[in-house]
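**Student:** Residue numbers (the working numbering): 3 to 394.
The beta-carbon is built from N, C-alpha and C at its ideal position, and this holds for glycine as well.
I am attaching a structure below and will ask some questions about it afterwards.
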Amino acid sequence: MIVVSGGDLILPGRVVTEGSLIIDDGRIVAVESRRVDLTGATAVDATDCYVAPGFIDVHVHGLHGHDTLDGAGAVARIAALLPQYGVTAFCPTTVACSPEDLRAVLHQVREARVAPAGGSARVLPAHLESNFINPEYKGAQPADCLRVAAGGDRDGMFSGGDILDVISVCRPDVGIVTLAPELPGGIDLVRSLAGAGHRVSLGHSGSDYETAMAAIDAGARHATHLFNRMSPMTHRAPGLPGALLAREEVAVELICDGHHVHPSMCRVAVAAKGADGVMAITDATSGAGLPPGARARLGGRSIHITEQAAFLEDGTLAGSTLTMDRAFRNIVTNFGGSLVDATLLCSTSPARALGLSGFGVLADGAVADIVVLDRAFRVRRTFINGEETKVS
Ligand SMILES: [Zn+2]
Numbered sequence: 003m004i005v006v007s008g009g010d011l012i013l014p015g016r017v018v019t020e021g022s023l024i025i026d027d028g029r030i031v032a033v034e035s036r037r038v039d040l041t042g043a044t045a046v047d048a049t050d051c052y053v054a055p056g057f058i059d060v061h062v063h064g065l066h067g068h069d070t071l072d073g074a075g076a077v078a079r080i081a082a083l084l085p086q087y088g089v090t091a092f093c094p095t096t097v098a099c100s101p102e103d104l105r106a107v108l109h110q111v112r113e114a115r116v117a118p119a120g121g122s123a124r125v126l127p128a129h130l131e132s133n134f135i136n137p138e139y140k141g142a143q144p145a146d147c148l149r150v151a152a153g154g155d156r157d158g159m160f161s162g163g164d165i166l167d168v169i170s171v172c173r174p175d176v177g178i179v180t181l182a183p184e185l186p187g188g189i190d191l192v193r194s195l196a197g198a199g200h201r202v203s204l205g206h207s208g209s210d211y212e213t214a215m216a217a218i219d220a221g222a223r224h225a226t227h228l229f230n231r232m233s234p235m236t237h238r239a240p241g242l243p244g245a246l247l248a249r250e251e252v253a254v255e256l257i258c259d260g261h262h263v264h265p266s267m268c269r270v271a272v273a274a275k276g277a278d279g280v281m282a283i284t285d286a287t288s289g290a291g292l293p294p295g296a297r298a299r300l301g302g303r304s305i306h307i308t309e310q311a312a313f314l315e316d317g318t319l320a321g322s323t324l325t326m327d328r329a330f331r332n333i334v335t336n337f338g339g340s341l342v343d344a345t346l347l348c349s350t351s352p353a354r355a356l357g358l359s360g361f362g363v364l365a366d367g368a369v370a371d372i373v374v375l376d377r378a379f380r381v382r383r384t385f386i387n388g389e390e391t392k393v394s
């Protein structure tokens, strides 16, 4: 048994100062609003710290020089590195790639899910920032890997039957699939992927409002990095962002680095959807955790790292260098969010979106995935399934 005592507990809807969590057998068995001493239990002093549910990042390409598409062992290496940033579960995320590379990553995801490594973040079904995106909104994604859902070749784009075959063979390990619904066969693709149990996410898309609404009607429930790489929102043409903000059943990702999305637009998103409809993500590339000036890779392409983000050699914005502890801090210190809001964005909303019951909250009976942050929001301790992981 472990007692985490004396910290400010960020519970659903309120913060309890100097409270305690009692953990047994991987679960939170009691939440107390006072300091607790239990003889025989391992005591963890969280005085002058915040205690929150572990962060869940649904959009991670890499970290510390490792990219999900680096080949054997990449997903496990990233999983081992994430707990130092308070992340206790994540969706390994791929850019558009060949069917062979996709199959290899999904095989790694399978292995990590069947036999989780101790001390590593939980590996959730993958997020395919997939081949079915609009070339005009591809950002840093490789154009030669893009596909249309149906109708054969179109403008040099091939039909994506080969990718769909991999998805169907590896189905339990494919969680989120990002796609552009305006491509030929797009709405049917939304319907078939959602019907097969995947979480369809709208993104890298120039969809107008009407097409976006049709995609949501067809089963899309998620949005990939709201505002980034999508049609703009204006008062007469709400575009894809307008549909995503207007429809309650859709949860949106938001890159909370203050660079990809202006802090005021983050506030707009949270005001429109409620904090429980927004998921903070990093969209971290392998450049996350590396110093400015460093070079790294995104799906095999060279990127360089600055203070703000990661960029291709031609200057194209290519994802972030954000980590979830900094996302949490930004929400509180730059975006005007409360501790409760930050916890909703970083832990509770992603758990809810992915249907992970018992995760993303500090509550009796919840899984003991916990992060302890100091007053500057630096990670002091991370627990996964009630076991403390090494935080350097
Ligand atoms: Zn991404």
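1. Per DSSP, what are the beta-bridge partners of MET281 in this structure?
2. By the 10 Å Cβ neighbour count, where 16 or more other Cβ atoms means buried, how is GLY28 classified, buried or exposed?
3. Could you give the distance in angstroms between the alpha-carbon of ASP99 and the alpha-carbon of ASP371?
4. Please report the straight-line C-alpha distance between ALA245 and GLY42, rounded to a whole angstrom.
5. Evaluate contact between the segment 358–367 and the segment 301–321, counting only Cβ atoms and requiring at least three cross-stretch pairs below 8 Å.
6. Provide the residue span of the alpha helix (DSSP H) that contains GLU212, from first to last.
7. Measuring straight from C-alpha to C-alpha, what distance separates GLU251 and ALA355?
8. Is HIS421 close to ligand 1? I mean its beta-carbon at under 7 Å from any heavy atom of the ligand.
9. Taking all protein chains shown into account, decide if SER233 is buried (16 or more other Cβ within 10 angstroms of its Cβ) or exposed.
10. So for ARG193, helix, strand or coil by DSSP?
11. Relative to the C-alpha of PRO293, which candidate in PRO127, LEU242, THR308 has its C-alpha closest?
12. Enumerated in chain order, which unbroken segments of the alpha helix (DSSP H) with a length of 4 residues or greater are wholly contained in the segment 69–126?
13. Is the shortest distance between the beta-carbon of ALA329 and the beta-carbons of chain B less than 8 Å?
14. Checking the sheet assignment: what are the DSSP bridge partners for CYS51?
15. By Cβ distance below 6 Å, which residues in the same chain neighbour GLY360 in space, the five residues on each side in sequence not counted?
16. Taking only the alpha-carbon atoms, compute the straight-line gap between GLY188 and ALA217 and give it to the nearest angstrom.
17. Please report the residue range of the alpha helix (DSSP H) in which SER170 lies.
18. What are the start and end residues of the beta strand (DSSP E) that includes SER22?
19. HIS63: beta carbon under 7 Å from a heavy atom of ligand 1?
20. How should HIS61 be labelled, buried or exposed, when 16 other C-beta atoms within 10 angstroms of its C-beta is the threshold for buried?
21. Using a threshold of 7 Å, is the CB atom of GLY321 nearer than that to any non-hydrogen atom of ligand 1?
22. Check this for me: beta carbons of VAL254 and ALA225, under 8 Å apart or not?
23. How far does the alpha helix (DSSP H) with LEU246 in it extend, from its first residue to its last?
24. Which residues in the same chain have their Cβ closer than 7 Å to the Cβ of ALA353, if we skip the five residues on either side of it in sequence?
**Tutor:** Result, derived from the coordinates:
1. Residue pairing of MET281 in beta bridges, as defined by DSSP: GLU255.
2. So GLY28 ends up on the exposed side.
3. It should be pointed out that residue 99 corresponds to Cys in this sequence rather than to Asp. Their Cα atoms are separated by approximately 32 Å.
4. Here the alpha carbon of ALA245 sits roughly 54 Å from the alpha carbon of GLY42.
5. These segments do not touch.
6. It spans 211–219 - the alpha helix (DSSP H) in which GLU212 sits, taken as one unbroken run.
7. The alpha-carbon atoms of GLU251 and ALA355 are separated by roughly 10 Å.
8. Residue 421 cannot be examined here, being either before or after the span of the chain that is shown, 3 to 394.
9. Buried, by the Cβ-count rule.
10. If DSSP states are grouped into helix, strand and coil, ARG193 belongs with the helices.
11. Minimum Cα distance to PRO293 is reached at THR308.
12. Listed in chain order, they are 76–83, 101–116.
13. Looking at the structure shown, chain B is missing, and only one protein chain is on hand.
14. For CYS51, the beta-bridge partners assigned by DSSP are ASP376.
15. Spatial neighbours of GLY360 in its own chain (CB-CB distance under 6 Å, excluding positions within 5 residues in sequence) are listed in chain order as ALA368, VAL369.
16. Distance between the alpha carbons of GLY188 and ALA217: 8 Å.
17. From DSSP, the alpha helix (DSSP H) with SER170 extends over 163–171.
18. 16–26 is the extent of the beta strand (DSSP E) around SER22.
19. Yes, the Cβ of HIS63 comes within 7 Å of a heavy atom of ligand 1.
20. Buried.
21. At a threshold of 7 Å, GLY321 counts as near ligand 1, since its beta carbon sits closer than that to one of the ligand's heavy atoms.
22. Yes, they are a contact pair.
23. According to the DSSP assignment, LEU246 belongs to the alpha helix (DSSP H) that extends over 241–248.
24. Here the set comprises ILE58, PHE361, GLY362.
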